[in-house]
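Here is the structure we will look at, set down as structure tokens.
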Amino acid sequence: GCNPLAETGRSKLQNQRAVLNQQILRAVRMRAGAENLLRATTNNKVREQVLLELSFVNSDLQILKEELEGLNISVEVYQNTEETFSIPLVPLGLKETKEVDFTLPLKDFILEHYSEDSSEYEDEIADLMDLRQACRTPSRDEAGIEMLISYFLQLGYVENRFFPPTRHMGVLFTWYDSFTGVPVCQQNLLLEKASILFNIGALYTQIGTRCNRQTQAGLENAVAAFQRAGGVLSYLKETFTHTPSYDMSPAMLNVLVKMMLAQAQECVFEQIGLPGIRNEFFTLVKMTQEVAKVGEVYMLLNTAMNQEPVKENIPYSWSKLSQIKSDHYKALAHYFIATILCDHELQSGDDEDQQEKALSQLYDHMPEGLMVLTVLRDKVQRKQLGKAHLRKAIVYHEEALRVCGLCKKLRNIDVLQEVLTAAHKRSLLKYAQQETEDDFLSLIQAPDILPKTEHKIETIVPQFSKVKVKDFFHRLGPLTVFSAKQRWTAPRTIRIHHEAGELGFSLKGGPPVQIYCLDPACSAASMGLKEGDYIVSVGGMDCKWLGVNEVLEKLKSMGEQPIEIEVISCQDTAASMHSKSATYSVGMQKTYSLICLAMEEDKTDQTKKAPLKLPFLSWGTKNRQKAASTLCLPSAVAASSPKKKLSPFTLFNTESSLY
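As structure tokens, then:
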């Protein structure tokens, strides 16, 4: 990862984001306490004071949210350092998290579940924690993407090795919402995996905005980066459907994917026009359709941003920027077609049929009384329709400038103001060059332009398999056998004596190999060897990763002397369920206010009378609705049945009050 103390513009923004997250956390805690006090008190004077305090806290939260929005629209920091004359692109900020200590939970699990000396795995645990820490400050390039993907793939191994579906491991993951700054805390590894995926997509957007848009290679890289960002966010939306965070809700991710594709389409248009736009009939027709497509996708994006429930949490300046870009590119489309009509009169050598066909593709319908061929042949009608398009272009330009002026955040982006102003002046100049004496007679309204593109933009599905990673805990054995889902006996030492050169059993499978065709009369069977046991070591040498032939060679190498092997037996997983920890609650998501509450074990005998005096840990069942604060956005699920078992994905499938 990058140096977290580096004084770069991007690191300063992330540090400011972290500080704001802490301030929002404190404010939300105060609001939660005030709301609890308001519900508990009956004293009118106290209620008045609490209501006053709540109004102050809510105002403070609104100010902090506006400051966070300011960070989300600080697009200049992420743009290419070269002098450019392009409208800025919007990147996503990385989600912030707290440090996580895996040491004790993983060491305890290794000792308990795998019956191995956990101190021998301290280096592997340290490597995992170092990788997670580095992922908090990834470099803004392919190396940073590869590191995040490596950690995401490692989490898959860790989940299978250490996170059984029957209990929680006591590792609390805290991630801050990218838009609201509110923390979400869960013991579910799926929150960690989803947040890393979000940051992979966010980092792709930062790479895309950093590309030099004055070169073909830079624009190609930008298009690819936004397509990959859209692909990762789309994968996140389809894979983790009930994430307890606003920024990763399906509705929000759907809008973010649309934004990535819109920005990719914008870069495609810039790529086409980079060599220069020739003032030629068919070239201008193509550019008109392409730029109209950009205006259309931004119009659809703006519509999506103003729908519930996204509207309340999407940065206001993002919504306005999409509206500005929609108006700006629609204005350019009308300007291009006006140039076609005003500058290109039909000459005797021109292909009249081709021009008629090309021009008719731009319109869904012509204004009343006009036909495409007539417009091409009649100079007056041609000029009138061209001026009508110029008037519409000017209207769109003025609307874009007006909206930009109304938004405080966008008003301060100099390059955006310069681009909009220059385009507006160009349309005014073109309109001024036309004859004006017949303006009062012209009642033609410019028709809408049909968008069309030859470069269809789609998301690129993430190829995680291209990043090769090695399981940090490879020494525990093959994952298909040595996983958290399967239970094993502790290793048993079996002393084998050769009996007339025979072992008394065969081997199969592997790695690791299994005991097969065991002779019940052999010495090994009398010492406790069972059919189906797995051999994990021979003569003190680990053989979890060895096949049948390699294990047989080791056995033969011992000669006629007795051989000691260690074996393990598979247990019935249903009969050895772990008892729930104090943080395990039925049907409830984990929040700061609920983390110390618990439920006692589900009663297997429902007819048994409950004791009058409830144990302390069952207090959370009775009071879970009262104790649930608004500190974390996920809310406890009311009226859940006490008989309901918690599945491994309950924390992500439970409907919350977020959306």
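Note that UniProt numbering has the sequence shown beginning at 1, numbered continuously upward. For every residue, glycine included, the Cβ atom is placed at its ideal position computed from N, Cα and C. Fair warning: this is a prediction, and the values are worked out from it, not measured in the lab.
Report all residues from its chain with a CB closer than 6 Å to the CB of residue i; omit the five preceding and five following residues, and keep chain order.
i: Asn623; result: The predicted model places Asn623 with a pLDDT of 40, which falls under 50 and marks its position as unreliable, so this point remains unresolved.
i: Glu280; result: none
i: Tyr396; result: Asp327, Lys330 and Ala331
i: Pro611; result: A caution first: Pro611 carries a pLDDT of 42, below 50, which makes its placement in the model too unreliable to give a value.
i: Met260; result: Phe226, Ala229 and Gly230
i: Ala262; result: Val297, Tyr298 and Leu301
i: Thr453; result: Glu290 and Lys293
i: Glu266; result: Val294
i: Gly547; result: Gly510 and Pro511
Among the options, which residue has its Cα nearest to the Cα of residue i?
i: Glu458; options: Ile24, Val223 and Leu172; result: Val223
i: Lys237; options: Gln561, Ser195 and Ser86; result: Ser195
i: Glu356; options: Ala524, Leu51 and Val285; result: Val285
i: Lys534; options: His397, Gln187, Thr489 and Gln433; result: For the record, residue 534 in the displayed sequence is Tyr; it is not Lys. Measuring from the Cα of Tyr534, the nearest candidate turns out to be Thr489.
i: Cys517; options: Lys45, Lys430, Gly532 and Gly208; result: Gly532
i: Lys379; options: Cys342, Lys325 and Gln354; result: Cys342
i: Lys485; options: Leu476, Asp414, Val419 and Phe162; result: Phe162
i: Phe464; options: Ile272, Leu89, His397 and Tyr235; result: Tyr235
i: Ser86; options: Tyr396, Thr421, Gly201 and Val19; result: Thr421
i: Ser523; options: Ile563, Cys404, Val419 and Gln22; result: Ile563
i: Leu322; options: Asp101, Met371, Asp542 and Cys404; result: Note on residue identity: the sequence assigns Ser, not Leu, to residue 322. Answer by Cα proximity: Cys404.
i: Ile515; options: Cys570, Asp101 and Asn188; result: Cys570
i: Asn188; options: Val19, Asn160 and Ser506; result: Asn160
i: residue 660; options: Arg26, Tyr204, Asp519 and Asp414; result: Given that the chain is displayed from residue 1 to residue 659, the structure contains no residue 660 and the question cannot be resolved.
i: Arg29; options: Asn302, Asp60, Glu398 and Ala358; result: Asp60
i: Leu390; options: Thr339, Arg228, Leu410 and Lys544; result: Thr339
i: Thr103; options: Gly93, Glu124 and Tyr114; result: Glu124
i: Ile565; options: Gln186, His497 and Val171; result: His497
i: Val567; options: Val257, Gly547 and Cys543; result: Cys543
i: Glu192; options: Phe269, Thr243, Met371 and Gly504; result: Thr243
i: Ala432; options: Ala388, Ala292 and Pro462; result: Ala388
i: Val536; options: Arg411, Leu190, Thr215 and Gly477; result: Gly477
i: Arg377; options: His344, Cys407, Leu401 and Phe482; result: His344
i: Asp108; options: Gln384, His168, Lys65 and Ile63; result: His168
i: Leu233; options: Arg213, Asn212, Gly218 and Gly201; result: Gly201
Sort out for me which residues DSSP pairs residue i with in a bridge.
i: Ile565; result: Ile494 and Val538
i: Lys508; result: Gln514
i: Phe173; result: Gln186
i: Ile570; result: The sequence given here places Cys at residue 570; Ile does not occur at that position. For Cys570, which the question treats as bridged, DSSP gives the partners Trp488.
i: Thr97; result: Trp175
i: Tyr363; result: Ile449
Got a sec? Which residues, its chain only, sit under 8 Å from residue i by beta carbon, not counting five neighbours each side?
i: Asp364; result: Pro447, Asp448 and Leu450
i: Arg426; result: Tyr335
i: Thr97; result: Arg136, Phe173, Thr174, Trp175, Tyr176 and Ser195
i: Ser150; result: Leu131, Val467 and Val469
i: Asp127; result: Phe472
i: Gly539; result: Lys554, Met558, Ile563, Glu564 and Ile565
Note down, in chain order, each residue of its chain lying with its Cβ closer than 7 Å to the Cβ of residue i, except the 5 sequence neighbours on either side.
i: Ile110; result: Glu116, Ser118 and Tyr121
i: Gly528; result: Arg492 and Ile494
i: Ala268; result: Rather than Ala, the amino acid found at residue 268 in this sequence is Val. Excluding sequence neighbours, Val268 sits near Val223, His455 and Ile457.
i: Val171; result: Val100, Phe102, Pro105 and Gln187
i: Ile277; result: Thr283 and Met287
Worksheet item: Counting Cβ pairs, one atom from each stretch, are 3 or more of them under 8 Å apart for the stretch 126 to 138 and the stretch 147 to 154?
Response: yes
Worksheet item: Does the count of Cβ pairs from the stretch 290 to 304 and the stretch 314 to 330 closer than 8 Å reach three?
Response: yes
Worksheet item: Which runs of the alpha helix (DSSP H), 4 residues or longer, sit entirely within the stretch 396 to 478?
Response: 408 to 411 and 414 to 432
Worksheet item: For the 8 Å Cβ check, are there 3 or more pairs between the stretch 174 to 183 and the stretch 245 to 255?
Response: yes
Practice prompt. Return the chain-ordered ranges of every beta strand (DSSP E) run that is complete within the stretch 148 to 173 and spans a minimum of 3 residues.
Written response: none
Worksheet item: Is it a yes or a no for the stretch 494 to 513 touching the stretch 551 to 558, going by three-plus beta-carbon pairs under 8 Å?
Response: yes
Fill in: Sufficient close CB pairs (3 or more, under 8 Å) joining the stretch 299 to 319 to the stretch 248 to 262
yes
Worksheet item: Between the stretch 46 to 59 and the stretch 87 to 106, do three or more beta carbon pairs fall short of 8 Å?
Response: no
Practice prompt. List in chain order: all unbroken alpha helix (DSSP H) runs of 4+ residues lying wholly within the stretch 104 to 136.
Written response: 122 to 134
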